[in-house]
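Heads up, the sequence shown is in UniProt numbering, so the first residue is 1 and it goes up one at a time. Built from N, CA and C at the ideal position, the CB exists for glycine as well.
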Amino acid sequence: MAIGKFLVCLPYTLREEGGESNDPRDPGGHTNRGVTQARYDQYRAAKRLQPKSVSLISESELQDLYRTGYWDAIGAEQLRPGEDLSGFDYAVNSGPAKARSAIVKANAGAPPLAKVIGNIATARLSFLHGLTTWQAFGRGWGARVARIEAASLKMAALPIAPNATAAKARQKANSKSAKSATPIAAVAGAGAHATGSHLWVTIAVVAAIVAVAAVTAYNAWRQGQRATILANAAAAQTADAAQAAAKAAAPATAPAKS
């Protein structure tokens, strides 16, 4: 089986996973380079090997576990460049089943590859935001999703700027919705105070409006973080392209005479 694409994508995910950790807020517990102790125990048991600390996982074991457990599990070898990285990193972060489902939905209607990559990132953020551990790890997760989106677009030889613009537009739309919900809640509350009728129903409606406004405002922040990271990556991509163009246009230096 060809593993060239896998070895191209793996470093991006390993960079995001970092080194060894045992954060009490993380239900995964003791983790090394993204592999939990429980996952490593399963891997070694399947190979009829004695359990050992995930601190001691070898490079060959690490690659095999990531390839068989995540890359192969989502059929990443058949995905397009960039789409494979987005799907693979999602699988590692949230499980192969979630990643497979997101890839299928992202391709609905056969959109262009840049849109597929953006759709996967949007699905990741929505899922992660619903986790109870979002409060502890959400900022880091959001940044990771945006960095992988940017890296995926670059890997696909696509411009990053359009996805940054789309994220900025979503931020503005969410921010506008959050602001418009606040006066509606105020008017509803005032009406309940004035008439005194159906008080509990009105309170419930106001609470629902406020909750929606809070979620929408948070979505605006989330898309703002994504837009900023993508915009920075787009600027770097433009600078790299300009530098490469200038280098290509520069006259060749004549060899020094002896």
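**OP:** Determine the closest residue to S60 out of A249, Q78, E77 and Y40, with distance taken between C-alpha atoms.
**Re:** Y40
Original post:
On the three-pair Cβ rule with 8 Å, is the stretch 233-247 touching the stretch 169-177?
Top reply: no
Subject >> Backbone secondary structure at G32 - three-state DSSP >> reply: For clarity, residue 32 is Asn in the given sequence; the question names Gly instead. Here N32 sits in strand by DSSP.
Original post:
Does the pairing of the stretch 9-17 with the stretch 87-99 give three or more beta-carbon distances under 8 Å?
Top reply: yes
Subject >> Assumed close pair L85, S152 - CB separation to whole angstroms, cut-off 8 Å >> reply: 5 Å
Subject >> For S21, the residue or residues it bridges with in DSSP >> reply: T31
**OP:** Compute the Euclidean distance between the alpha carbons of L113 and L79, then round it to the nearest angstrom.
**Re:** 11 Å
Subject >> V54 vs N32 beta-carbon contact at 7 Å >> reply: yes
Original post:
Three or more beta-carbon pairs under 8 Å between the stretch 151-166 and the stretch 224-239, yes or no?
Top reply: yes
**OP:** With DSSP collapsed to three states, give me the class of K98.
**Re:** helix
Subject >> Under the three-state DSSP convention, the category T238 falls into >> reply: helix
Original post:
So, R222 versus A136, is the Cβ gap smaller than 7 Å?
Top reply: no
Original post:
Between the Cα of A123 and the Cα atoms of T132, W134 and A106, which residue gives the shortest distance?
Top reply: A106
Original post:
For the alpha helix (DSSP H) that W71 lies in, which residues bound it at each end?
Top reply: Note, W71: premise wrong, no alpha helix (DSSP H); not H, not E.
Subject >> Residue range of the alpha helix (DSSP H) that includes N119 >> reply: L113 to H129
Subject >> Same chain, Cβ closer than 7 Å to P96, neighbours up to 5 away in sequence not counted >> reply: Y70, A73 and I74
Subject >> Backbone secondary structure at Q50 - three-state DSSP >> reply: coil
Subject >> Helix, strand or coil at I229 [DSSP, three-state] >> reply: helix
Original post:
Are there 16 or more other CB atoms within 10 angstroms of the CB of E149, so buried, or fewer, so exposed?
Top reply: buried
**OP:** Could you pull the start and end residues of the alpha helix (DSSP H) that D26 belongs to?
**Re:** Segment: none, D26 is in no alpha helix (DSSP H) and carries neither H nor E.
Subject >> Nearest-angstrom Cα separation, counted from N119 out to residue 260 >> reply: Nothing can be reported for residue 260: it is not among the residues displayed for the chain, which extend from 1 to 258.
Original post:
What are the boundary residues of the alpha helix (DSSP H) that E77 is part of?
Top reply: Run containing E77: none; DSSP gives neither H nor E here.
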